[in-house]
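Residue numbers (the numbering used here), protein chains in the order written: chain A, 1 to 330; chain B, 331 to 660.
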């Protein structure tokens with residue numbers, strides 16, 4: 001048996017409407033809190049939208065001990081705007097334009113973000129960033145790292161969280177830059193581009209940033225198992241099956257229903273089950289100064305098979321056996 | 331107007347049964363000859379199968395001036411076997427095991443191919459090779475090149491044709507090794523991995539070897555436009571739409587219906603229309619000592635839109651406009 005204390009998922013896409021109702025309970029069942037990303041069809045860019053989205057999430061997860069941690073979609077903000085929204089958010093999420101689902105209105109010229117970053121530093125609002133810059137798909141994260149490093153130098157008190165790391169180079173940056181942190185997904189611990197298209201092509205393993213090379217995955221695994229500045233963010237990102245199994249397949253993997261069991265499998269395989277609490281909760285709480293609701297999540301070592309479909313969505317690891325199961329949450 | 335004399339497609343998958351009947355006429359309409367690959371559901375591994383497959387192809391293309399150039403699926407062969415089949419084939423096609431569609435029975439240990447390669451050298455039977463070795467998907471062609479170079483050194487009189495080049499490194503090998511040649515597809519002249527999954531994921535652009543980096547595509551373009559040891563092989567590889575728009579999407583792009591018009595577009599954009607005859611016919615004929623049937627293919631500069639579907643198959647460039655059209659073949 002394994003007990004996790006107040007696990008938090010630091011990167012989730014809970015969507016809206018019927019999809020929110022379908023997927024949010026999976027996150028709320030297994031986690032005490034989760035960081036809700038703001039890239040809705042209309043991005044969440046002010047306090048009113050933050051509060052309204054928060055209400056929708058709470059309505060979808062009624063009955064669970066669960067706290068949605070809200071984020072604001074980065075745009076140029078005034079000090080007044082940031083002051084008004086600060087009590088309601090964990091941080092501001094920056095998307096370079098066009099890098100993933102609903103990021104069309106993201107930042108086109110990264111330099112132009114700096115005045116707002118200066119205000120965020122002053123007000124102590126963390127920056128969460130989709131760390132990719134324009135370029136060849138396998139290079140985009142590496143191309144963004146000099147930008148991240150420049151921002152860290154220009155705004156030394158700003159906390160920067162690189163979301164969903166995928167490369168070895170990004171891991172090494174964490175060691176060089178003081179107030180820089182990172183999330184790692186479940187699927188980037190397990191996949192390389194070989195899994196996506198090295199054999200037949202697998203739309204349900206297609207995500208952004210794309211899974212990279214074996215040596216990148218190895219570096220991510222080492223970081224997840226041991227790096228104090230790294231914490232779990234699933235980037236669970238459901239799309240209906242019709243949007244995945246079609247030309248123009250949408251990017252995203254719905255991992256919420258399997259996240260904790262699959263992480264327990266992974267940490268156990270690496271003889272590091274004792275590090276899982278740090279990865280799924282303590283390290284994030286330390287970085288953000290978070291105090292999530294108290295919740296004990298008990299996993300038992302018992303094989304089960306991941307369903308092939310959850311509503312309209314094919315979950316990550318569909319049809320695969322997992323060795324741990326979430327037994328009870330109290 | 332543009333007239334091509336006896337264009338040949340040096341790499342086609344014509345399939346079997348109803349798919350053969352559907353797709354072969356597109357190749358037979360526009361080309362004087364084409365190299366029919368032997369990776370059928372039961373690979374073509376002896377003279378009897380070669381002749382029977384050739385009959386099936388001829389039946390499917392009745393009425394066209396067209397010569398199928400047959401190949402044998404590589405396995406360990408005796409001298410007697412190779413002597414018996416030699417009059418009926420252009421060459422022997424080697425697939426490393428598991429690298430593409432119906433290659434499961436290919437060569438698992440590349441070193442064990444050498445006794446047969448020695449016989450092929452002695453009998454002057456060209457080797458056509460799917461040049462990928464086991465490894466990370468983006469590296470597989472580069473990993474195969476030392477094998478190709480070793481074979482060229484060990485069998486200096488063996489003609490080796492590297493099929494469907496995808497990397498800059500492979501292009502440079504042609505300059506170092508005397509009797510080594512290569513085919514290049516239409517789609518590898520136009521695509522990089524960015525097109526396949528840099529935005530949304532496009533199953534109809536998924537092929538093996540996978541499209542590579544921009545600098546690789548640039549090197550392929552330069553080679554197609556000017557390199558005397560390079561010639562056209564479309565690797566046209568139809569799959570029914572259900573096999574493409576699904577998990578476990580099959581690898582292959584059906585380019586036969588658009589090959590010559592799209593190549594004319596490409597060569598015209600690069601102000602090299604006068605080099606197209608060499609790429610689609612003369613260079614291959616010189617390398618192989620081929621004498622394809624006489625056939626004049628006339629293209630006119632006239633915009634048309636590629637159909638969105640041809641029978642059960644989505645063709646390459648479906649729905650896109652092309653500036654050249656095949657007008658008449660005599």
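Every residue gets a Cβ at the ideal spot worked out from N, C-alpha and C, and that includes glycine.
Round the Cβ separation of residue i and residue j to the nearest angstrom and send it over; I've been treating them as touching at under 8 Å.
| i | j | result |
| --- | --- | --- |
| residue 366(B) | residue 388(B) | Not quite, the Cβ-Cβ distance comes to about 11 Å (not below 8 Å), so this is no contact. |
| residue 582(B) | residue 591(B) | Actually they do not touch by this definition, with Cβ atoms about 20 Å apart. |
| residue 494(B) | residue 563(B) | 7 Å |
| residue 24(A) | residue 65(A) | 14 Å between Cβ atoms; not a contact. |
| residue 404(B) | residue 437(B) | 6 Å |
| residue 116(A) | residue 76(A) | 5 Å |
| residue 558(B) | residue 397(B) | The pair is not a contact, with the Cβ atoms about 23 Å apart (cut-off 8 Å). |
| residue 554(B) | residue 332(B) | About 16 Å separates the two Cβ atoms, so there is no contact after all. |
| residue 338(B) | residue 616(B) | Actually they do not touch by this definition, with Cβ atoms about 12 Å apart. |
Just the Cα atoms here: how many angstroms apart are residue i and residue j?
| i | j | result |
| --- | --- | --- |
| residue 315(A) | residue 534(B) | 24 Å |
| residue 247(A) | residue 575(B) | 7 Å |
| residue 393(B) | residue 140(A) | 51 Å |
| residue 605(B) | residue 368(B) | 30 Å |
| residue 78(A) | residue 40(A) | 22 Å |
| residue 505(B) | residue 629(B) | 32 Å |
| residue 119(A) | residue 147(A) | 18 Å |
| residue 354(A) | residue 16(A) | This structure gives no information on residue 354(A), because the portion of chain A shown stretches from 1 to 330. |
| residue 167(A) | residue 282(A) | 23 Å |
| residue 503(B) | residue 324(A) | 51 Å |
| residue 426(B) | residue 61(A) | 52 Å |
| residue 359(B) | residue 334(B) | 13 Å |
| residue 560(B) | residue 364(B) | 16 Å |
| residue 376(B) | residue 416(B) | 10 Å |
| residue 511(B) | residue 430(B) | 21 Å |
| residue 602(B) | residue 556(B) | 9 Å |
| residue 386(B) | residue 418(B) | 15 Å |
| residue 170(A) | residue 177(A) | 11 Å |
| residue 26(A) | residue 459(B) | 49 Å |
| residue 124(A) | residue 572(B) | 52 Å |
| residue 543(B) | residue 472(B) | 13 Å |
| residue 153(A) | residue 53(A) | 34 Å |
| residue 190(A) | residue 308(A) | 19 Å |
| residue 297(A) | residue 183(A) | 21 Å |
| residue 21(A) | residue 580(B) | 34 Å |
| residue 549(B) | residue 266(A) | 41 Å |
Does residue i come within less than 8 Å of chain D when only Cβ atoms are used?
| i | result |
| --- | --- |
| residue 125(A) | Among the protein chains of the structure shown, namely A and B, there is no chain D. |
Keeping to the same chain, check which residues put their C-beta closer than 7 Å to that of residue i; ignore five residues upstream and five downstream.
| i | result |
| --- | --- |
| residue 144(A) | 131, 132, 133 |
| residue 277(A) | 4, 5 |
| residue 649(B) | 635, 636, 638 |
Whose C-alpha, out of the options, is nearest the C-alpha of residue i?
| i | options | result |
| --- | --- | --- |
| residue 509(B) | 517(B), 522(B), 519(B), 492(B) | 492(B) |
| residue 192(A) | 209(A), 177(A), 176(A), 183(A) | 209(A) |
| residue 71(A) | 65(A), 153(A), 48(A) | 48(A) |
| residue 441(B) | 479(B), 332(B), 623(B), 618(B) | 479(B) |
| residue 551(B) | 385(B), 518(B), 333(B), 579(B) | 518(B) |
| residue 113(A) | 21(A), 43(A), 93(A) | 93(A) |
| residue 413(B) | 452(B), 580(B), 439(B), 655(B) | 452(B) |
| residue 200(A) | 467(B), 530(B), 490(B), 472(B) | 467(B) |
| residue 619(B) | 638(B), 501(B), 399(B), 410(B) | 399(B) |
| residue 586(B) | 432(B), 626(B), 548(B), 640(B) | 640(B) |
| residue 207(A) | 339(B), 537(B), 527(B) | 527(B) |
| residue 19(A) | 270(A), 319(A), 254(A) | 254(A) |
| residue 380(B) | 432(B), 411(B), 513(B) | 411(B) |
| residue 435(B) | 384(B), 372(B), 383(B) | 372(B) |
| residue 631(B) | 656(B), 337(B), 338(B) | 656(B) |
Excluding five sequence neighbours on each side, which residues of the same chain lie with their C-beta closer than 8 Å to the C-beta of residue i?
| i | result |
| --- | --- |
| residue 525(B) | 532, 535, 541 |
| residue 588(B) | 516, 636, 645, 646, 647, 652 |
| residue 215(A) | 168 |
| residue 310(B) | In this structure chain B extends from 331 to 660, so residue 310(B) is not present and cannot be described. |
| residue 135(A) | 143 |
| residue 433(B) | 369, 425, 426, 427, 460 |
Grab me the residues of residue i's own chain with a C-beta within less than 6 Å of its C-beta, minus the 5 sequence neighbours each way, in chain order.
| i | result |
| --- | --- |
| residue 235(A) | 11, 164, 185 |
| residue 633(B) | 651, 653 |
| residue 570(B) | 642 |
| Which whole runs of the alpha helix (DSSP H) in the segment 340-416 of chain B are 4 residues long or more, in chain order? | 347-360, 377-390, 409-415
| Could you give the uninterrupted runs of the beta strand (DSSP E) lying entirely in the segment 133-192 of chain A, keeping only those of 3 residues or more? | 160-162, 180-184
| Whole alpha helix (DSSP H) elements within the segment 224-306 of chain A, 4-residue minimum | 241-244, 259-269, 283-288
| query | At what residue ranges does the segment 425-461 of chain B contain a whole run of the alpha helix (DSSP H), taking only runs of 4 or more? | reply | 444-453
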